[in-house]
Amino acid sequence: MLHLRTIRLNLDSLDDAERQQYPFNIPALQQEAGIELTAPVTFLVGENGSGKSTLIEALATAVSAYTVGSEDITRDATLAPVRRLADRLRLVWSVKTRSGFFLRAEDFFGYIKRLSQMEAELLAEIQQVDKTYVGRSEKAKGLAKMPYMTELNALRSQYGRHLNTYSHGESFLELFQSRFQPNSLYLLDEPETPLSPMRQLTLLSLMKEMVAQNCQFIVATHSPILMAFPGATLLSFDYTPAQPVEYESLEHVTVTRSFLNNPEQYLRHL
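Count the sequence shown with the working numbering and you get residues 27 to 296, in order.
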């Protein structure tokens, strides 16, 4: 299902100097008609620095997506320039959804740390109730602890056990399995980073399941495995403006295939 159909960038009120500054000067975004999303899965592909991650971050800011990271998207200092871009985005929806999340693979450890801190704070509040309610009945203590226990149990039940007890790749997949839900929009920035090839295939399988449940994915990636998702749109940010490309024409695919077929041809030039 397509929740989000069109992404437009409105630069009308910016002067020429502002238009030449980051993040408004990203070549791939320079199109009046905007970016049309035509499939439930859209991959943003291209070289580093082409603007893929910037657009994902701006979209996440514009839709107030739940952030899988060390900071909420509204407080993340690293996203300050991106918030200016988000203010200029004009989004066209088929069915607007607030469900889903934004994930930057590079900040996943920050998210695990954030969850651990939340748990520690809840446990501290529960212990404080015991100190504050000394001499009071167990019922009074139980009522005072109830909001903290409810939140703590929800946190623990969502992930089963601490994400930091898994390997990096396992914790990624555990996050997806526990937080994927129907009718959602997922904005993922290089989710392949901690995943082995087999685990990337597992992620593809999870994505296929969620697309069948009316989910939409917009993913910045360098992974030829992920890009092979059946029916996905591959939007290349190496063009001005960004444009759809075929899987077989992508450098990620042709170079990887060529290397695997004859690695010695490449390695002897190192």
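We put the CB at the ideal spot given by N, CA and C, even for glycine.
Do you know how far the Cα of Q291 is from the Cα of L117?
Here residue 117 refers to the residue found at position 91 of the sequence shown. Here residue 291 refers to the residue found at position 265 of the sequence shown. When rounded, the distance between both Cα atoms is 47 Å.
Assuming A246 and D215 form a contact by the criterion Cβ under 8 Å, report the distance between their Cβ atoms to the nearest whole angstrom.
Residue mapping note: residue 246 aligns to position 220 of the sequence shown, counting from 1. Residue mapping note: residue 215 aligns to position 189 of the sequence shown, counting from 1. Correct: roughly 5 Å between the Cβ atoms.
Span of the beta strand (DSSP E) holding P270?
Here residue 270 refers to the residue found at position 244 when the sequence shown is read from its first residue. 269–271 is the span of the beta strand (DSSP E), which, as asked, contains P270.
If we ignore side chains and look at the alpha-carbon of each, how far apart do E277 and S249 end up?
Counting from 1 along the sequence shown, the entry for residue 277 is found at position 251. Counting from 1 along the sequence shown, the entry for residue 249 is found at position 223. Near 11 Å, if we compare the C-alpha coordinates of S249 and E277.
Distance, A86 Cα to P223 Cα:
As a first step, residue 223 is located in the sequence shown; it is residue number 197 there, counting from the start. As a first step, residue 86 is located in the sequence shown; it is residue number 60 there, counting from the start. So the two alpha carbons sit approximately 27 Å from each other.
When burial is assigned at 16 or more other CB atoms within 10 Å of the CB, is F285 buried or exposed?
Mapped onto the sequence shown, residue 285 falls at position 259. Exposed: under 16 other Cβ atoms inside 10 Å.
DSSP three-state label for R294, please.
The residue given as residue 294 occupies position 268 in the sequence shown. The answer is coil: DSSP assigns R294 none of H, G, I, E or B.
Quick one: does L148 have its CB under 9 Å from some CB of chain D?
This model lacks chain D altogether; it includes just one protein chain.
For the alpha helix (DSSP H) containing T266, list its first residue and its last residue.
Taking the first residue of the sequence shown as 1, we reach residue 266 at position 240. Premise fails: T266 is in no alpha helix (DSSP H) and is neither H nor E.
Closer than 8 Å by C-beta to L252: which residues in its own chain qualify, once you throw out the five before and the five after it? Chain order, please.
Here residue 252 refers to the residue found at position 226 when the sequence shown is read from its first residue. F69, P217, E218, Q226, L229, L230, V245.
Three-state secondary structure assigned by DSSP to L40
The residue you call residue 40 lines up with position 14 of the sequence shown. L40: coil per DSSP, three-state reduction.
Identify the continuous beta strand (DSSP E) that holds Q226 and give its terminal residues.
Against the sequence shown, residue 226 aligns to sequence position 200. First-last for Q226: 223–237, but that is the alpha helix (DSSP H), not the beta strand (DSSP E).
Nonlocal neighbours in the same chain, by C-beta distance under 8 Å from Q269, ignoring five residues either side:
In the sequence shown, counting from the first residue as 1, residue 269 sits at position 243. Answer for Q269: L261, S262, listed in chain order.
Of the residues N179, M233, A84, the one placed nearest Q203, counting alpha carbons only:
Your numbering for residue 203 matches position 177 in the sequence shown. Closest option to Q203, Cα to Cα, is M233.
Using DSSP with H/G/I as helix, E/B as strand and the rest coil, what is L129?
Stepping through the sequence shown from its first residue, residue 129 is reached at position 103. Looking at L129 - three-state DSSP - the assignment turns out to be strand.
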